[in-house]
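Chains A and B, in that order, give the protein sequences.
All you need for this note's numbering is the position in the first sequence, starting with 1, plus 7.
All you need for this note's numbering is the position in the second sequence, starting with 1, plus 1.
Just so it is clear, CB atoms sit at the ideal spot from N, CA and C, and this is done for glycine as well.
Take a look at the structure below.
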Amino acid sequence: MIELEGIHRHFQVGDQLVRALDDVSLRIGGGEYVSIMGPSGSGKSTLLNVIGLLDRPTGGRYVLDGRETTSLDDDELAGVRAHKIGFIFQSFHLVPRLTAFENVELPMVLAGQPPAERRRRAEAVLGSLSLTDRAHHRPDQLSGGQRQRVAIARAMVMRPTVLLADEPTGNLDHASGAEVLDALESLNDGGIILLVVTHDDEVAARSSRHIRMRDGRVVEDVHGRGGG
Amino acid sequence: MRAPDLLRLAAASLFRAPLRSAMMLLAMAIGVAAVVVLTSLGEGARRYVTGEFRALGTDLLIVLPGRSETTGVQPGLFAGETPRDLTLDDARALLRIPDIERIAPLVVGSAPVSSAGRSREVPIIGTNSEFLAVRNLSMGQGAFLPPGDIDRDQAVCVIGSKVRSELFPERPAVGASVRIGDRRFRVIGVLGDSGRAVGLDLQELVIIPVGSAQQVFDTESLFRILVQARDEDAMPRVRTAVLAAIKDRHQGEEDVTVITQDAVLATFERIFTALTLTLAGIASISLAVAGILIMNVMLVAVSQRTAEVGLLKALGARGRQITALFLAEAVLLSLAGALAGLLVGGAANGLIGRMYPALPVGAPAWAVVLAVAIAVASGVVFGLMPARRAARLDPVAALAGRR
């Protein structure tokens with residue numbers, strides 16, 4: 008459960024105050040599938056970063072799964088990120104020198120989990136994304152669609168409650184993009200909150216809730232498949 | 002994060018940028034090798050010089066006739082009196098002193114040595130069987146002078162290796178006879194080349210029993226008496242006893258001089274230890290330079306891997322973990338560089354040792370420990386700043402590839 012109340016995120020750029028987020032309030036419940044659209048600079052990526060605890064709001068309250076986050080320090084935020092949040096990026100952000108398996112393992116390595124447990128979970132997640140035979144390939148030996156599925160596996164392996172995808176299909180052809188969305192949606196069916204930032208109406212149309220942003224504000228919030 | 006994972010990730014990063022890693026490794030290796038080689042040279046010089054003196058023996062007293070210092074006119078001593086000679090009886094008297102291990106009387110001269118028409122002028126040493134042990138000499142072939150009473154006059158001799166090759170180019174020397182002066186001697190042994198003795202060319206030398214030498218040179222007096230104490234601690238007692246025994250035999254006159262090596266030795270030890278430390282200090286500077294290079298390269302690495310740092314933060318890495326990752330890379334590199342440097346330095350030492358066999362090369366343990374410690378310390382010190390810079394990156398900007 009994501010609860011945002013009057014969230015502000017202001018930047019000082021030179022002598023100009025940029026309101027990347029301007030009084031945003033949202034409640035997103037378990038299992039929701041939300042698309043966020045809007046022109047460049049509308050604040051949708053900032054919203055995603057604030058929800059993902061990568062960026063701190065300059066004002067407002069953010070409660071994630073009943074826990075107030077605005078008062079947490081950096082290490083506590085890192086801990087919440089590790090266990091509650093999975094990120095999917097447009098450019099995949101796989102570590103190039105590590106194999107698919109090692110990339111998937113990485114969050115568990117950072118969390119200090121024992122190797123046997125890591126192996127079991129990484130293999131299970133890779134298997135569920137049909138990547139078992141690619142497990143020991145490095146990113147440069149994988150197709151774009153495969154890379155993004157490895158990134159999804161990595162985001163999922165800690166069993167987060169929220170999956171945040173920033174233009175997940177932006178660097179993919181249509182077929183690979185559809186595959187990736189299928190994978191994300193099947194995770195959403197399992198009860199995870201799925202937030203997708205996109206420019207693509209076709210992608211947005213697949214979600215069950217449509218948020219549109221402009222100038223740091225939510226200007227449209229529609230429930231129902233096919234809206235927007 | 003578990004320590005093995007930390008090291009594995011750091012090592013993976015290093016292998017991902019092999020050229021960069023190799024350059025840093027090289028810089029560190031050169032620094033460590035410099036410390037190892039330079040201290041080894043300084044230490045080798047020290048060991049060589051002190052070894053030369055030690056070859057004479059730190060437990061060795063040399064008794065020579067005459068006083069080297071004057072302590073006022075003694076009653077009964079009138080100007081122009083020559084000191085009494087040292088004799089074999091004096092040497093025999095010293096044998097009764099406790100704490101004396103060995104005594105080797107010396108008569109030194111020069112005489113033509115000939116065999117089968119070949120002849121040459123060679124330094125002759127007249128001594129006894131103890132000389133071998135007192136001077137740490139080794140035998141090449143045959144045996145040294147036989148033990149027995151010190152004034153035993155036997156017609157046997159031991160020759161140096163060069164004398165052997167010149168007098169006996171084609172036939173075995175041991176068992177052959179040579180003429181020294183107008184007496185015949187049977188060759189019973191050839192000296193090895195390994196022993197050391199300052200001021201003596203062991204290869205060009207003939208050793209005969211002291212009694213024979215006295216006859217060859219027609220003298221009753223000894224050139225020196227070498228006295229070896231049981232150990233270094235007994236030296237002061239032995240020295241006093243030797244002086245007392247000679248004085249007793251020389252009608253109450255202390256007309257001999259007793260020399261020991263330890264004072265000279267201590268001075269050389271100090272000089273060469275200072276030299277080694279200076280060399281170590283100079284070489285350590287190159288280690289510091291290597292450390293600065295590591296900092297530079299790590300800074301580049303951090304800026305090249307900004308997006309990766311952002312990713313790690315998104316995956317829940319704490320600042321400390323990111324610091325630890327980059328620091329581990331710097332430390333691994335400097336450690337690997339230090340080990341490579343030890344290998345290179347060791348190889349260089351081996352080469353120097355082969356080129357100059359007389360120089361006992363080999364880095365002292367403290368220098369090896371110091372070099373590795375400074376290398377790792379500079380990895381930590383100079384790796385810390387870049388690592389903290391990485392840890393402080395703003396994750397949002399870092400993920401976008403901005404800093």
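Is there a Cβ of chain B sitting closer than 9 Å to that of residue i, yes or no?
i: G235/A; result: Below a pLDDT of 50, predicted positions are generally treated as unreliable, and G235/A, at 40, falls in that range; the measurement from the model is reported next regardless. By this cut-off, G235/A is not an interface position.
i: A172/A; result: no
i: A129/A; result: no
i: M165/A; result: yes
i: N195/A; result: no
i: A85/A; result: yes
i: N56/A; result: yes
i: D81/A; result: yes
i: P121/A; result: yes
Run down chain A in chain order and give the residues with a C-beta less than 8 Å from the C-beta of residue i.
i: S14/B; result: R104
i: L316/B; result: R88, A89, F94, L113, P114, L117, R161
i: R17/B; result: P103, R104
Considering only DSSP beta bridges, list what residue i is partnered with.
i: H17/A; result: R26/A
i: T258/B; result: L65/B
i: S120/B; result: S115/B
i: P106/B; result: I226/B
i: L75/A; result: The amino acid at residue 75/A is misidentified as Leu; the sequence shows Glu. In the DSSP output, where bridge partners are listed per residue, E75/A has V70/A.
i: H230/A; result: R216/A
i: V173/A; result: Sequence check: residue 173/A is Asp here, not Val. According to DSSP, which records beta bridges pairwise, D173/A is partnered with V204/A.
i: E12/A; result: R68/A
Note down, in chain order, every chain A residue with its Cβ under 9 Å from the Cβ of residue i.
i: P387/B; result: Per Cβ cutoff of 9 Å: no residues; P387/B is ~19 Å from chain A at best.
Return the residue from the list the options that minimises the CA-CA distance to residue i.
i: G67/A; options: E10/A, D81/A, V157/A; result: E10/A
i: G253/B; options: A245/B, V332/B, G342/B; result: A245/B
i: G193/B; options: M25/B, L146/B, L138/B, F186/B; result: L138/B
i: F94/A; options: S214/A, G231/A, V226/A, I199/A; result: I199/A
i: M115/A; options: A329/B, S162/B, L352/B, L313/B; result: L313/B
i: G263/A; options: L394/B, A331/B, G317/B, V397/B; result: The question about residue 263/A has no answer here: the residues shown for chain A are numbered 8 through 235.
i: V259/B; options: I247/B, E270/B, H251/B; result: I247/B
i: G197/A; options: M163/A, D80/A, L133/A; result: M163/A
i: R128/A; options: V111/A, A172/A, H144/A; result: V111/A
i: P64/A; options: L24/A, S49/A, T53/A, A142/A; result: T53/A
i: V211/B; options: A399/B, P173/B, S130/B; result: S130/B
i: S162/B; options: A156/B, Q204/B, E330/B; result: Q204/B
i: R187/B; options: F224/B, F145/B, S222/B, P358/B; result: F145/B
Checking contacts by CB at 9 Å: is residue i closer than that to chain A?
i: M25/B; result: no
i: Q305/B; result: no
i: M2/B; result: yes
i: V397/B; result: yes
i: R321/B; result: yes
i: L10/B; result: yes
In whole angstroms, what is the alpha-carbon distance linking residue i and residue j?
i: R119/B; j: E167/B; result: 8 Å
i: T71/B; j: A267/B; result: Confidence at T71/B is low in this model, with a pLDDT of 48, below 50, so its placement is unreliable and no value can be given for it.
i: G73/B; j: D86/B; result: In this predicted model, G73/B has a pLDDT of only 48, less than 50, meaning its place in the structure is not dependable enough to derive any value.
i: V239/B; j: V228/B; result: 9 Å
i: G192/A; j: L201/A; result: Note that residue 192/A is Glu in the sequence shown, not Gly. Using only the alpha carbons, I get a separation of about 8 Å.
i: P124/B; j: F218/B; result: 12 Å
i: R166/A; j: P387/B; result: 33 Å
i: V50/B; j: T307/B; result: 57 Å
i: G184/A; j: L344/B; result: 54 Å
i: E255/B; j: R68/B; result: 8 Å
i: G320/B; j: N56/A; result: 18 Å
i: V225/A; j: A211/A; result: 16 Å
i: R9/B; j: S135/A; result: 27 Å
i: G177/A; j: R221/A; result: 20 Å
i: H251/B; j: C158/B; result: 32 Å
i: I63/B; j: V332/B; result: 56 Å
i: V37/B; j: A339/B; result: 10 Å
i: L71/A; j: I159/A; result: 21 Å
i: L60/A; j: V41/A; result: 18 Å
i: R16/A; j: D62/A; result: 9 Å
i: I353/B; j: A131/A; result: 59 Å
At a CB-CB cut-off below 8 Å, which residues of chain B make contact with residue i?
i: G59/A; result: A315
For a contact meaning CB atoms closer than 9 Å, what does residue i contact in chain B?
i: H100/A; result: A308, E309, G311, L312, A315, L400
i: D62/A; result: D395, P396, V397
For residue i, which residues in chain A fall below 7 Å Cβ to Cβ?
i: D232/B; result: Residues of chain A passing the Cβ test: none, with the nearest at roughly 60 Å.
i: D6/B; result: V116
I'd like to confirm something about residue i: is its beta-carbon nearer than 8 Å to some heavy atom of the ligand SAH, or not?
i: V157/B; result: No copy of the ligand SAH occurs in the structure displayed, which carries no ligand at all.
Can you find a C-beta in chain D that's less than 9 Å from the C-beta of residue i?
i: G231/A; result: The chain labelled as chain D is not found among the protein chains of the depicted structure, namely A and B.
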